[in-house]
Amino acid sequence: AQSVSQHNHHVILSEAASLELGCNYSYGGTVNLFWYVQYPGQHLQLLLKYFSGDPLVKGIKGFEAEFIKSKFSFNLRKPSVQWSDTAEYFCAVNAEGTTDSWGKLQFGAGTQVVVTP
Amino acid sequence: GAVVSQHPSRVICKSGTSVKIECRSLDFQATTMFWYRQFPKQSLMLMATSNEGSKATYEQGVEKDKFLINHASLTLSTLTVTSAHPEDSSFYICSARDQQGAEKLFFGSGTQLSVL
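If you're matching them up, the sequences are chains A and B in order. Take any residue in the first sequence, note its place counting from 1, add 3, and you have its number in the working numbering. Take the second sequence: its position 12, counting from 1, is numbered -8 in the working numbering, and each next residue is one higher.
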């Protein structure tokens, strides 16, 4: 069965530390990949997405992610976090990879990130 | 930016009653909306795809008679949990796809349903 795995459920780190969140998926076909963030009390927001092309994708707020096809991974990174990055982060996959299926996402369980001052 | 409004944000109901959750796209038309459910510490799981003017498509294992979806207009989809039971207690969230751009997808803020 298709699945999306996020390696950590909870991460605590200090401001200015580097962040890397792991995401692996199990699907052999064409995929579109996403990272969403949910700040406390707010909607899910798109951080970045990968469809094709350069496997290193840059998103908003200084986040980037690298798609490694051979590892079925799409890890999220930020070199230096801020207190305002405290949020829950979700990796998601559009496994069918077609325009018609756009929006039909399979999510990871999420990672709660807490940045301490 | 585009906003999807989901209402109510939290609802508590008695077992056996029905609960309706609304999902509205506020500044765009959404031919397609999606309904997800999330249990604590678990992923958001897609329940169904809601298409304006036609029947919803349910994912395997989701009871269509239990979770009634209506998408009567380009800006509104509703999910009704019928005869709710405690095991239906969950976080329900919708998303809407902007018909003007296949890459535009926006999420509601979710509804926490607690069935006593």
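All residues carry an ideal CB built from backbone N, CA and C; glycine is no exception.
- Below 8 Å, too few C-beta pairs join the stretch 36 to 53 of chain B and the stretch 62 to 80 of chain A to call them touching: fewer than three.
- Counting only residues of its own chain and dropping the five nearest sequence neighbours on each side, B/His65 has a CB closer than 7 Å to the CB of Ser(-5) and Val95.
- Comparing alpha-carbon positions, the option among B/Phe47, B/Leu54, B/Ser(-2) and B/Asn31 lying closest to B/Gln9 turns out to be B/Leu54.
- Against chain B, the beta carbon of A/Phe66 has no neighbour under 7 Å; the closest one sits roughly 18 Å away.
- It is roughly 8 Å from the alpha-carbon of B/Asp45 to the alpha-carbon of B/Thr62.
- At a Cβ-Cβ threshold of 7 Å, A/Gly25 and A/His10 count as neighbours.
- Beyond the five residues adjoining it in sequence on each side, A/Val117 comes within less than 8 Å, by CB distance, of His13, Val14, Ile15, Leu16 and Thr89 in the same chain, given in chain order.
- Here the alpha carbons of B/Met25 and B/Gln18 stand approximately 6 Å from one another.
- Chain-order list of chain B residues neighbouring A/Lys107: Phe14, Leu26 and Thr29, by C-beta distance under 7 Å.
- Chain A has no Cβ within less than 7 Å of the Cβ of B/Leu54.
- B/Leu85 has a beta carbon lying within less than 7 Å of a beta carbon in chain A.
- Here A/Ser17 carries a strand assignment [DSSP, helix/strand/coil].
- Within 8 Å of the CB of A/Phe75, no CB atom of chain B is found; the nearest one sits about 17 Å away.
- Under the Cβ criterion of 7 Å, A/His46 is counted among the residues facing chain B.
- Of all residues in the stretch 69 to 94 of chain A, the ones placed with a Cβ closer than 9 Å to any Cβ belonging to chain B are Phe93, in chain order.
- Contact of B/Gly88 with chain A by beta-carbon distance below 8 Å involves His46.
- In the three-state reduction of the DSSP assignment, B/Lys44 falls in the coil class, being assigned neither a helical nor a strand state.
- When Cβ-Cβ separations below 7 Å define contact, B/Ser94 makes no contact with chain A.
- In this structure, DSSP gives A/Asp88 a helical state, which the three-state scheme calls helix.
- A distance of 7 Å or more separates the beta carbons of B/Ser23 and B/Ser57.
- A distance of 7 Å or more separates the beta carbons of A/Gln41 and A/Gln109.
- A direct Cα-to-Cα measurement between B/Glu2 and B/Leu59 gives close to 7 Å.
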